[in-house]
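Numbering (our numbering), first residue to last: 7 to 105.
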């Protein structure tokens, strides 16, 4: 059930690492945003889920794929390919779902 899988992402997720904090927002229409408040940066994207555990994020011409895992209201992302470097630090966060 792809729709149910995508629905578990709906909402606001927040996380912190020593360098900064971040908020991920997933909307019902498969759009979202990533905000780094401390860095005063934000990105708007479209997303969908492939193969039940791969999150695909498209921002303009840039496309990134991440394995995702949700356990006890915690969201973790990691690059699809283990040796792949990403220019975004999104994979360093453990996000918690905001109520």
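All C-beta atoms, glycine included, are put in the ideal place defined by N, C-alpha and C.
- CA-to-CA, the gap between residue 78 and residue 68 works out to about 30 Å.
- With respect to the 8 Å criterion, residue 31 and residue 101 are not classified as neighbours on the basis of their beta carbons.
- In terms of Cβ geometry, residue 34 and residue 16 form a close pair [threshold 8 Å].
- Closest in alpha carbon position to residue 87, among 61, 40, 24, is 61.
- Boundaries of the beta strand (DSSP E) harbouring residue 30: 26-32, taken from the DSSP string.
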